[in-house]
Each structure stands twice: as structure tokens, then as C-alpha cells.
Amino acid sequence: MRSNQLRYSPGHVFVTAAFIGSLALVLAAGLGALGLTNLADAAIARCLSPALQPETAAGFPKALPPWGVWLATAVVAYGLALAMLGVPGTWRRLVLWLTTLCLVAAWAPVLALAAHAPEIAAPLIAALWSGACALVYTHSHRMPCDDGTLQNR
């Protein structure tokens, strides 16, 4: 197993996390500029409105501020990449990624119950892209945290 580790180039955590998080933000912003995140948010709202009170069937009375949605998107994009690159083992990285995706998706019913429009498409896209990129990067690089005794690649 040691000879396999010598083939991989050394990985970097902070620079790579900044790069992956920035790419995830650019992707979410680009899809937002095309209006695709608004379509996804509207579809999520349509799915949730029948399960709530009848007065929400016409729409949600409150909306999150745009800066709040983008702040959450940035935290998810950079935080997930940093966490996945700093944790040893593929299994742990997968658990972090899937847990983050589930937590972001769980924001929708909570926001809907608070009478806010469930605007989770941008953070969900950022989490999906950030996690996928971090997972691909760790499979082709030798991360500093993987040099220890844990060798499950």
C-alpha cells in the first residue's frame, strides 16, 4: 500500500478548498443568473405548499434576504471543501458530503414552516459541486491527513 501512496502527488488543503469553494460559488451564481435556481426554488415551494396551511398555497409571505442565501451558499461551499479535504479516509468524506446535502435539503421544510420561501437551490448546488470536486481531488492526491495510520483508499 505504501508504493501506491508514492505515486500520488501531494495534496494541499487550504488552497484547494479555496479553489473548489470558489468554483462552487461561480457555478451557483451562473445558474442563478440563468434563472435555473429560481425555477428549482419554485418547484420546491410547490412541493411543500400542499403539506402546509391552506394560506400558503398562494405563496409564501416572506422571503429570505438575497445576501443571506448567498452567505449560506458561501459557507457551505468553502466549509464542505475544507472539511472534506482535512479529514482522512474516503468513507468519512462521503459521510460529510451526504450529511451536508441532507442538512441543506432539510432547510426547505423548516423555512416553509416559518412562512419563508424555501430558497435552497443555490446552497444545494454548491454543496453538490463542492463535495464532488473535493472527493475527486482526494482520490488523485496524497492528502496530509492520509499519511497517518489510516489507509482506506
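Using the working numbering, you'd call the opening residue of the sequence shown number 4 and step up by one each time.
Ideal Cβ placement from N, Cα and C applies to all residues, glycine included.
Suppose the cutoff is 6 Å on Cβ atoms and the five residues either side in sequence are ignored; what does the same chain contact list for residue i look like?
i: ALA84; result: ALA20, ILE23, GLY24, SER133, ALA137
i: TRP100; result: GLY134
i: VAL16; result: LEU88, GLY89
i: LEU153; result: For LEU153, the pLDDT reaches just 46, beneath the cut-off of 50, and the residue's location in the model is therefore unreliable, although a value from the coordinates is still provided. If we look at LEU153 and ignore the five residues flanking it on each side, its Cβ neighbours are PRO91, GLY92.
i: ALA86; result: LEU99
Could you pull out every residue in the same chain whose Cβ sits closer than 7 Å to the Cβ of residue i, ignoring the five residues on either side in sequence?
i: ALA3; result: Any question about residue 3 goes unanswered here, given that the chain covers just 4 to 156.
i: LEU51; result: ALA111, PRO112, ALA115, PRO121
i: LEU34; result: THR40, ILE128
Starting from residue i, trace the alpha helix (DSSP H) in both directions and tell me its first and last residue.
i: CYS50; result: 39 to 51
i: ALA117; result: Element bounds for ALA117: n/a, residue is neither H nor E.
i: MET87; result: 69 to 88
i: PHE22; result: 17 to 36
i: ALA130; result: 124 to 143
Determine the closest residue to residue i out of the options, with distance taken between C-alpha atoms.
i: ASP149; options: ALA120, ALA111, LEU104, LEU88; result: LEU88
i: HIS142; options: GLY92, CYS50, PRO69; result: GLY92
i: VAL78; options: VAL107, LYS65, VAL98; result: VAL107
i: GLY82; options: THR102, LEU51, PRO69; result: THR102
What residues in its chain sit with their C-beta under 8 Å from that of residue i, if we drop five residues either side in the sequence?
i: ALA48; result: GLY62, PHE63, ALA115, ALA120, PRO121
i: LEU67; result: LEU114, HIS119, ALA120, GLU122
i: VAL162; result: Residue 162 falls outside the range modelled here, since the chain spans only 4 to 156, and no answer is possible.
i: TYR140; result: GLY14, THR19, ILE23, LEU88
i: ALA117; result: LYS65
On the premise that residue j lies in contact with residue i, defined as a C-beta separation below 8 Å, what is that separation, rounded to the nearest angstrom?
i: ALA75; j: PRO126; result: 5 Å
i: GLY14; j: ARG145; result: 6 Å
i: ALA124; j: ASP44; result: 5 Å
i: LEU131; j: LEU104; result: 7 Å
i: THR40; j: ALA31; result: 7 Å
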